[in-house]
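In our numbering, the protein residues as written are 1001 to 1470.
Written out as structure tokens, the structure is:
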């Protein structure tokens, strides 16, 4: 503001982030979805079922979309279709129609031959679907180990980019984990970043596609009564818990490279923490939301050794794919502390483990004791707001109320919103369905940005794999 006449001077400051390159690109026309690693477990269990559900609900139109599977395995189109054929409630004609959209191409991940053939097949599809005007939208889903991301991305860049004369876009979806530590994550980001711009990259963490994780922003910022309560003056601690009742089940070799901290806490639970702790974004634009998440990660204080508990379940080393002397933890509790005005002094307790006595994922926000407790009801427990992510999505508030009857006694009860009861007629989509649809629409809100990834790993400066507890 000017000093003399009260004139306001507005300074427009530049940002290090540019606007997305694809703001005005076509979102209609020919769509080619390429699943790399099509013969693998992830593609079979998650990617193809998600694509089928999107097709069944009308989000993928048969006159626009074609799906290409790519892998080293030498199989035919029908072989792949038979592998991913779903049984159960889906109508057989729907399944058959969907499977006819799938074509398989076999090839190596590190040579041009297979990718040239893939590009030829995609181009034939685009020529068939497009008339004089149209678009060339190409989505590449890398259902592959991170070790092959760089070479696969190079092959895509060299051989399979969308045709510029048709317009459209090329987008790349990569799965976690995004590196074993900060150095490997930065190296991987640099290698891919040399080939594709940030608006073209979609780093998927499927927890960000879960119904109640996506509900967190609405709960926090669309309900007035939460606004004055969501801070250190009222909240004693926040617990974010992930429990599985099964072990590695043959995946021990893969799991042993990362451990429970990298596999679960540094990815899924840290993303949930950001949504619980972040400030209100300027808008619902993806960049504004991700900016606030990064600010949370930048505010996380160094972790104290005494606030970390690690464990390994009996029998983990019996897995033949696990090293005999592995010290990799299958259980971890980590206390994170956020150094800012809202959360100073509030511990965020992140717990994750395999082969435990129950399967559960939840957020538990525990409020402080009531000052001047005239009812002497501390023994009944504090007020809590609990969001159960799985199984059976639900939200409930633990309250102290009067026990029905003649006596003035208290009891803890729950205000319960169980999604299975309240929304019986609504089919809650799987996380992968949401995230693939977001990718097609160009919405990066529920994907991990590069600086978010870097700060997330930096806030958990642990080694990985068998050296973690040695």
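Glycine is no exception: its CB is placed at the ideal position from the N, C-alpha and C atoms.
- Can you give the Cα-Cα distance for residue 1452 and residue 1203, rounded to whole angstroms? 11 Å
- Candidates 1362, 1436, 1407, 1051: which alpha carbon is nearest residue 989's? Residue 989 lies beyond the range of the chain shown here (1001 to 1470); nothing can be said about it.
- Message: Tell me the rounded alpha-carbon separation between residue 1038 and residue 1236.
- Response: 47 Å
- Message: I'd like the span of the alpha helix (DSSP H) that includes residue 1352, first residue to last.
- Response: Looking at the DSSP string, residue 1352 is not in any alpha helix (DSSP H); the run it does join, the beta strand (DSSP E), is 1347-1353.
- Task: Starting from the N-terminal side, write out each stretch of the beta strand (DSSP E) that is 3 residues or longer and does not extend beyond the stretch 1060-1089.
- Result: 1065-1071
- Message: Between residue 1313 and residue 1354, how many whole angstroms is the CB-CB distance? I'm expecting something under 8 Å.
- Response: 6 Å
- Query: Can you give the beta carbon distance from residue 1209 to residue 1434, rounded, assuming they're within the 8 Å contact cut?
  - Reply: 4 Å
- residue 1167 in three-state terms, based on DSSP: coil
- Query: Where does residue 1386 fall in DSSP's three states?
  - Reply: strand
- Message: residue 1030 and residue 1136 - do their beta-carbons sit closer together than 9 Å?
- Response: Going by beta carbons, residue 1136 and residue 1030 fall inside the 9 Å limit.
- Message: Three Cβ pairs or more, each shorter than 8 Å: is that satisfied between the stretch 1407-1427 and the stretch 1139-1158?
- Response: no
- Selected residue, minimal CA-CA separation from residue 1366, among 1187, 1430, 1439, 1347: With respect to the C-alpha of residue 1366, the residue from 1187, 1430, 1439, 1347 having the closest C-alpha is 1347.
- When you compare each of 1061, 1154, 1255, 1071 to residue 1034 by their alpha carbons, which one comes out closest? 1071
- To which residues of the same chain is residue 1017 closer than 6 Å at the C-beta, ignoring the five residues directly before and after it? Bear in mind that a pLDDT of 39 at residue 1017, under 50, signals an unreliable position, so the number given afterwards is only what the model happens to contain. When the five nearest sequence neighbours on each side are left out, no beta carbon in the same chain lies closer than 6 Å to the beta carbon of residue 1017.
- Consult DSSP for residue 1452 and reduce its assignment to one of helix, strand or coil. helix
- Just to confirm, are residue 1271 and residue 1213 a CB contact at a threshold of 9 Å? yes
- Message: Beta-carbon within less than 6 Å of residue 1094's beta-carbon, same chain only, minus the 5 sequence neighbours each way: which residues are those?
- Response: 1056
- Message: If the criterion is Cβ atoms closer than 9 Å, does the pair residue 1154 and residue 1099 meet it?
- Response: no
- Query: Can you tell me whether DSSP reads residue 1043 as helix, strand or coil?
  - Reply: Per DSSP, reduced to three states, the secondary structure at residue 1043 is helical.
- Jot down the residue ranges of each uninterrupted alpha helix (DSSP H) in the stretch 1371-1440, minimum 4 residues, whole runs only, in chain order. 1419-1422
- Task: Answer with buried or exposed for residue 1278, where buried requires no fewer than 16 other C-beta atoms within 10 angstroms of its C-beta.
- Result: buried
- Task: Taking residue 1275 as part of the alpha helix (DSSP H), name the residues at either end of that continuous run.
- Result: 1270-1277
- Looking at C-beta atoms only, is the number of pairs between the stretch 1423-1433 and the stretch 1041-1057 that lie closer than 8 Å three or more? yes
- Query: For residue 1122, which of helix, strand or coil comes out of DSSP?
  - Reply: helix
- Message: Is it buried or exposed, residue 1258, if we count other Cβ atoms within 10 angstroms and call 16 or more buried?
- Response: buried
- Since residue 1191 is in the beta strand (DSSP E), which residue starts that stretch and which ends it? First-last for residue 1191: 1182-1193, but that is the alpha helix (DSSP H), not the beta strand (DSSP E).
- Query: Which residues share a DSSP beta bridge with residue 1175?
  - Reply: DSSP lists 1204 as the beta-bridge partner residues of residue 1175.
- How about residue 1383 and residue 1406: do their beta carbons lie closer than 9 Å? Note that the C-beta distance between residue 1383 and residue 1406 is not below 9 Å.
- Note down, in chain order, each residue of its chain lying with its Cβ closer than 7 Å to the Cβ of residue 1101, except the 5 sequence neighbours on either side. 1062, 1065, 1066, 1067
- Message: If you reduce the DSSP assignment to three classes, tell me which class residue 1322 lands in.
- Response: coil
- Query: Is the beta carbon of residue 1360 less than 9 Å from the beta carbon of residue 1242?
  - Reply: yes
- Would the beta-carbon of residue 1268 fall within 9 Å of that of residue 1324? no
- Length of the line joining the Cα atoms of residue 1358 and residue 1163: Computed Cα separation, rounded: 50 Å.
- Message: Taking the beta carbon of residue 1339 as the centre, do at least 16 other beta carbons fall within 10 Å, making it buried, or is it exposed?
- Response: Its Cβ having fewer than 16 others within 10 Å, residue 1339 is exposed.
- Only counting runs of 3 or more residues, tell me where the beta strand (DSSP E) segments fall wholly within the stretch 1134-1168, in order along the chain. 1136-1142
- Task: Can you grab the Cα-Cα spacing for the pair residue 1375 / residue 1253, in whole Å?
- Result: 55 Å
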